[in-house]
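Asks: Residues 19 to 536 (my numbering) are what the sequence shown spells out, left to right.
We put the beta carbon where it would ideally sit given N, CA and C, even for glycine.
Once you've had a glance at the structure underneath, I'll fire off some questions.
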Amino acid sequence: MAVVLSLWLAGCSTVPTSSTTTEASTATPVTSGTPPQPLAPVVYGAPLSEIGVAVGETPPVLALAAPADIWDRIRRGFALDDLQNPLVNDREQWYASRPDYIFRMTDRSRKYLFHIVEEIERRDLPMELALLPFIESAFNPRAVSSARAAGMWQFMPATGQSFDLKQNAFRDDRRDVLASTRAALDYLEQLHRRFGDWHLALAAYNWGQGNVNRAITRNTKEGLPAGYTDLSMPYETREYVPKLQAVKNIVADPKNFGVELPPIGNHPFFDTVTIDRDMDVDVIANLAEVEIDDFRALNPSLNRPVVMAAGTPNILLPWDNAAIFESRLKTHTGPLATWTAWVVPRTMSPAQAASQVGMSEAELRRVNSIPPRMMVRAGSSLLVPRTAQRNGDVPTHVADNGHLTLQPESAGRRTVVRVRKGDTLTKLARRYGVSPVSVAGWNKLAVNARLKVGQQITLMLPHRGGAAKTAAKVSASSKKAPARTTAKKPVRSAKSPAKAPANKAGGKPSSSSKRPPG
């Protein structure tokens, strides 16, 4: 009613009716120097009707429907200036001639692409950036380059650290889907602010901002243009933006290149679940009803078979399986984790470490990715089985900063012995105070390999007096059955380790392993 009254009052003062118009047209005109004559009041003989303000017909605004396919959403967000040169044409032909490769690459991206697109839109960035992992890693979050760049966004170790991507014994955030995407977009925004040009920012992402800055400075000093196509740069960087442009062109019009992109729904593939207890990977996979490989594809940062809640409080699960996991976790009564972290108190061999924590040397090496011929330095964090004494969750400072530092084992003295009747690698290892896995590794044999009488076996005996004493004791117990041999030095019988030159040194025998079994 207030609106109608307002319009009526406004109409009385500004929009005359036909009657008032007629009255106004017959009024005496006002001339200069003549005061205006007052008009007689208008008297209406009937109630006034509501005044309708004519408004021009405006066509309805149609809301742009959300695309059902992620590719349409990406196309709508393209914003970079197109690059046109022979390198782009060359890369277009390269990709178009490999439809199987494109299909595998784009199909792999379906797990991650929606999240990346969401983040790019939230930051109001060019949608071409969503295609960058195609160039960097073919959307493989576990990709590692020869230069040690890792993850789908290919962060170098130092650059990753500068963007808070943790790299330790238990995880590598350069491979983490959420963390690496956040860091990559942060970095690209930073580069764009510095260079003011997306092509230069992309070149710096590939080549390094210092290199791009120096190339710009050189051209500027020489009075030359300093755009992306004007700079002198390595071929890989020269080809980098053309690769992205080629992929953009194919995504924009796949039929034009004879390419079929797999349909990817414009909806989340995964959901984020928060955990507050350490959990074995196989326990999570079982509760969520997903394959372990599928879990690792969404959580590729994990280096070990356990998720440490203090360092990785969020895990990713396929959208429907996240609810299944949370529901089943509430009723789960078994142990959640069978692994924990143990900080090595002193430098020791893997065999010694395995003995202290109650596991086999081979298992310790496998779980902790310890290569052959390496000692574990003091302060290193190893993943070991939980026991009554080691049953707590891993604390934050270990989960975030745990490291594995190795040093080469002492080469020791190379000794060759001959196998006698009844010898096995395990017996020889025990006789000389070394580990069976080490003996197998030195000789490229399986631990349970069958040996032939007279076969030569290489041993690396440590320069330690303890090893000599151990070997001497074993030798004394086997003197009743000496084995004759006509072999020349350095080959000698396996029965007489006490006569080895290494026995002159002092120290304890080493049971360190050089290679994993088999």
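Determine, using beta-carbon pairs with one atom in the stretch 165 to 177 and one in the stretch 231 to 246, whether at least three such pairs fall under 8 angstroms.
Replies: Remark: fewer than three beta-carbon pairs, one from each stretch, lie closer than 8 angstroms, so the stretch 165 to 177 and the stretch 231 to 246 are not flagged as touching.
Asks: I need the DSSP call for Met-170, collapsed to helix, strand or coil.
Replies: coil
Asks: Out of curiosity, what's the CA-to-CA distance linking Arg-431 and Thr-365?
Replies: 21 angstroms
Asks: Starting from Asp-289, trace the beta strand (DSSP E) both ways and give me its first and last residue.
Replies: For Asp-289, the uninterrupted beta strand (DSSP E) run begins and ends at 288 to 292, by DSSP.
Asks: What I want to know is whether the C-beta of Gly-228 ends up closer than 6 angstroms to one or more non-hydrogen atoms of the ligand COA.
Replies: Ligands are entirely absent from the displayed structure, and the ligand COA is therefore not among its contents.
Asks: Using 8 angstroms for Cβ pairs, my map puts Gly-397 next to Thr-414. What's the rounded Cβ distance?
Replies: So it is not a contact: roughly 17 angstroms between Cβ atoms.
Asks: Using the C-alpha atoms, what's the distance from Ala-167 back to Leu-220?
Replies: Annotation: Leu-220 to Ala-167 spans about 16 angstroms, alpha carbon to alpha carbon.
Asks: Looking at Met-145 and Ile-92, is the spacing between their C-beta atoms short of 7 angstroms?
Replies: Yes, these two residues count as a Cβ contact at 7 angstroms.
Asks: Would you decide whether Ala-494 is buried or exposed? Buried here means 16 or more other CB atoms lie within 10 Å of its CB.
Replies: In this prediction, Ala-494 has a pLDDT of 36, which is less than 50 and means its spatial position is unreliable; nothing more can be read from the coordinates.
Asks: Find the nearest neighbour of Val-361 within the set Arg-141, Glu-379, Ser-399 and Gly-276, judged by alpha-carbon distance.
Replies: Ser-399
Asks: CB-CB under 8 angstroms to Pro-426, same chain, minus the five flanking residues each way: which ones, in chain order?
Replies: Arg-391, Met-392 and Met-393
Asks: Rounded to a whole number of angstroms, what is the C-alpha to C-alpha distance between Lys-266 and Ser-456?
Replies: 53 angstroms
Asks: Cα separation between Leu-209 and Ala-222?
Replies: Computed Cα separation, rounded: 7 angstroms.
Asks: Given Ser-127, which residues of its chain have a CB within under 6 angstroms of its CB, disregarding the five upstream and five downstream residues?
Replies: Short of 6 angstroms from the beta carbon of Ser-127, and not among the five residues preceding or following it, lie these beta carbons of its own chain, in chain order: Phe-157.
Asks: So the candidates are His-421, Asn-224, Asn-274 and Thr-356; which of them puts its Cα closest to the Cα of Val-538?
Replies: Lying before the first or after the last residue shown, residue 538 is absent from the chain, which here runs from 19 to 536.
Asks: To the nearest angstrom, how far is the alpha carbon of Val-416 from that of Ser-164?
Replies: When rounded, the distance between both Cα atoms is 29 angstroms.
Asks: Pick out the complete alpha helix (DSSP H) segments inside the stretch 76 to 113, 4 residues or longer, and give them in chain order.
Replies: 88 to 94
Asks: For Leu-183, does the three-state DSSP call read helix, strand or coil?
Replies: coil
Asks: Keeping to the same chain, check which residues put their C-beta closer than 8 angstroms to that of Ser-411; ignore five residues upstream and five downstream.
Replies: First, the residue type needs correcting, since residue 411 is Asp and not Ser in the sequence shown. Excluding sequence neighbours, Asp-411 sits near Arg-295, Asp-296, Met-326, Ala-327, Ala-328, Ala-355 and Thr-358.
Asks: Which residues in the same chain as Tyr-113 place their Cβ atom closer than 8 angstroms to its Cβ, once the five residues preceding and following it in sequence are excluded?
Replies: Tyr-119, Ile-120, Ala-264, Val-265, Ile-268, Phe-275 and Val-277
Asks: Using the Cα positions of Asp-441 and Gly-376, report the straight-line distance between them to the nearest angstrom.
Replies: Answer to the nearest angstrom: the Cα atoms are 27 angstroms apart.
Asks: Taking 7 angstroms as the limit between beta carbons, can you name the residues of its chain near Val-437, skipping five residues before and five after?
Replies: Leu-469, Lys-470, Val-471, Gly-472, Gln-473, Ile-475 and Ala-512
Asks: CA-CA distance, Ser-155 and Ala-340?
Replies: 27 angstroms
Asks: Is the separation between the beta-carbon of Leu-279 and that of Thr-124 shorter than 7 angstroms?
Replies: Yes.
Asks: Determine, using beta carbons only, whether Ile-88 and Asn-284 come nearer to each other than 7 angstroms.
Replies: yes
Asks: Strictly by DSSP, which residues pair up with Pro-403?
Replies: Beta-bridge partners assigned by DSSP to Pro-403: Trp-357.
Asks: Would the beta-carbon of Asp-204 fall within 7 angstroms of that of Ser-319?
Replies: no
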